[in-house]
Structure formats: structure tokens, C-alpha cells
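In our numbering, the protein residues as written are 158 to 417.
This is the structure:
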């Protein structure tokens, strides 16, 4: 492979202007139709899934590292910039100054029968990314985000999910009425129900509904659930973090589905 690249040194280059927008504005990807995947881990995760970016951007210090240079050439176009310019749109304190520009995947339609997670106004990007990571780990292939949920493809969610995006069907901007497309039963989470997760008869597959960090699942969404459960907490804490609750619920579904 010929290691050909394009060098950019002007701060106002259109590519670098675009990268600054993608890195700083959580919803910029919706306007620009592109994603900025920063860091060796995310770029490697994309390559592992066999998906190609539109181009790679790396700092001169990264170009000097053979492993990062090889990873960059997974893209059909490679751009090299001075470290100082890369740091101007970087969100990471990392020596691996490397990123991919990826065309935003087309929004899929809802798979009615898929095991799913429904996010109802989960607003913290770290929580959303962690939930996506748990969904991928426990074999739940579809995540549906209702309006008010943190942007699924924002830089912070991408970093928190650590590559889980590339193995999931992600649909965002939905209304509660859109959930009618699901044929799997919805299972809600609430602190006020007496039904406990360990003893409940869980439908397989199902769609787990997880709600706003402070308010929980909205009453209108909870009313659509065939089952509403609570995770027992004998230690006396008021509630679990929503990402922790998601991991518990998804693990329990997985455990029962494989008969462990």
C-alpha cells in the first residue's frame, strides 16, 4: 500500500472547521450528515466491524507511529495536520491523535420483533453511551430513543459507548406513539411497583424501557408497558443510576434466555 496523504496546515481549512463543529456541538452530525470518531479505540472498533470511514485525520505525531499510520489507511483518504491544529478540535487527552470522519448511517426503521431498549428522555450522554454498551454486550440489538434523549451519535455518547454503536440498530427522535410498531412487549422500570425483577416472569424477547434520570419513565410511556418492575435494593439506596439499572435488567434477560 502506498502511504499517500494530504497535509493541511491552515486553521480555516473547511475540513478542520467542520471537525470543530462536529467535536463541539452534540447535534452537529444531524446538520452535517457526518460523524467524528476520535481515538484509536473507536477507529479500531469501526475497522473490526468492517465499516469504512470517509477519511482519516491524524496529527503529525500520530503519523510517526506505524500502528496508528496503518490504522489510518483503513480510510480511502488520509489527512495529516500539525499537532496544535489537531488539538484544536480534539476532545481527548490522548497521545493517539487520530480520528475518522464517517458518513452518518441512514436511520433504520424499527424492527418490530427485536429485543430492544427504549430510552425515555435519558439526558446524560455518559449514561446513554453506557446503556448502548450494555445493550451490545448482552445481545440486545436495537435501541430506540424517544425525543428528549441525548443525541445518540454525539461525541460524548460515542466515546462512552466505546464502539457499541457499530453493532446496534439505532433509531432516535421517536414519539411514544412510534412504540406501537413494536410487537415485543414493553417492560418498564419504576421505583413504585411491588413487582420485583428477580421473581417476575420476563417475556422473551422484550423491550426494556428506561427513563429520565430524575423523573423516571413518563406515565404515558409506562402505561404502554405490559409489565413494570423494580430492582430490589436491600442496601437502602433510593435508586440506581439509570445506566447501572439498565445493565442489571439486560443481564437478567440474557441470563434467563440462555438458561443460566
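No residue lacks a Cβ here, since even glycine has one placed at the ideal position from N, Cα and C.
When the options are compared against residue i, the one with the closest alpha-carbon
i, options, result
"residue 408", "377, 361, 374", "361"
"residue 275", "199, 387, 339, 186", "339"
"residue 216", "163, 371, 379", "163"
"residue 438", "414, 168, 381, 319", "No answer is possible for residue 438: it lies beyond the span of the chain, which begins at 158 and ends at 417."
"residue 220", "210, 236, 200, 212", "236"
"residue 247", "359, 399, 197, 342", "197"
"residue 189", "297, 227, 345, 172", "172"
"residue 271", "342, 384, 377", "342"
"residue 191", "378, 249, 209, 393", "209"
"residue 359", "386, 378, 184, 373", "386"
"residue 243", "207, 187, 166", "166"
"residue 311", "268, 161, 182", "182"
"residue 170", "225, 403, 245, 288", "245"
"residue 320", "186, 200, 273, 193", "200"
"residue 344", "211, 306, 273", "273"
"residue 388", "403, 374, 249", "403"
"residue 306", "292, 288, 329, 297", "329"
"residue 293", "318, 375, 186", "318"
"residue 396", "226, 304, 367", "367"
"residue 335", "413, 268, 180", "268"
Environment of residue i [buried if 16+ CB atoms lie within 10 Å]
i, result
"residue 356", "exposed"
"residue 316", "buried"
"residue 290", "buried"
"residue 441", "With the chain covering 158 to 417 only, the question about residue 441 has no answer from this structure."
"residue 364", "buried"
"residue 415", "exposed"
"residue 381", "buried"
"residue 260", "exposed"
"residue 266", "exposed"
"residue 299", "buried"
"residue 223", "exposed"
"residue 410", "buried"
"residue 264", "exposed"
"residue 159", "Residue confidence is low: residue 159 scores 47 on pLDDT, short of 50, so the model does not pin down where it sits. Its coordinate-derived value is still stated next. When all chains shown are included, residue 159 counts as exposed."
"residue 393", "exposed"
"residue 332", "exposed"
"residue 400", "buried"
"residue 377", "exposed"
"residue 184", "exposed"
"residue 371", "exposed"
"residue 308", "buried"
"residue 213", "buried"
"residue 205", "exposed"
"residue 302", "buried"
"residue 286", "buried"
"residue 383", "exposed"
"residue 207", "exposed"
Counterpart residues of residue i in DSSP-defined beta bridges
i, result
"residue 277", "368"
"residue 504", "This structure leaves residue 504 out entirely; the chain is present only between 158 and 417."
"residue 318", "Answer by DSSP bridge pairing: none, since residue 318 is not bridged."
"residue 164", "237"
"residue 373", "369"
"residue 386", "346"
Touch check for the segment 344 to 360 and the segment 316 to 324: three-plus C-beta pairs under 8 Å? No: the two stretches stay apart, fewer than three of their Cβ pairs being nearer than 8 Å.
The segment 217 to 232 touching the segment 172 to 180, judged by at least three CB pairs closer than 8 Å: Here the segment 217 to 232 does not lie against the segment 172 to 180, with fewer than 3 beta-carbon pairs under 8 Å apart.
If contact is defined by three or more beta carbon pairs under 8 Å, each pair taking one atom from either stretch, is the segment 271 to 284 in contact with the segment 244 to 259? no
Which whole runs of the beta strand (DSSP E) in the segment 276 to 316 are 3 residues long or more, in chain order? 299 to 303
Sequence ranges, alpha helix (DSSP H) only - wholly within the segment 176 to 257, length at least 4: As far as the segment 176 to 257 is concerned, its whole alpha helix (DSSP H) runs of at least 4 residues are 185 to 189, 197 to 205, 217 to 220, 223 to 229, 240 to 244.
Could you tell me which whole beta strand (DSSP E) segments of length 3 or greater appear in the segment 324 to 354? 326 to 331, 343 to 346
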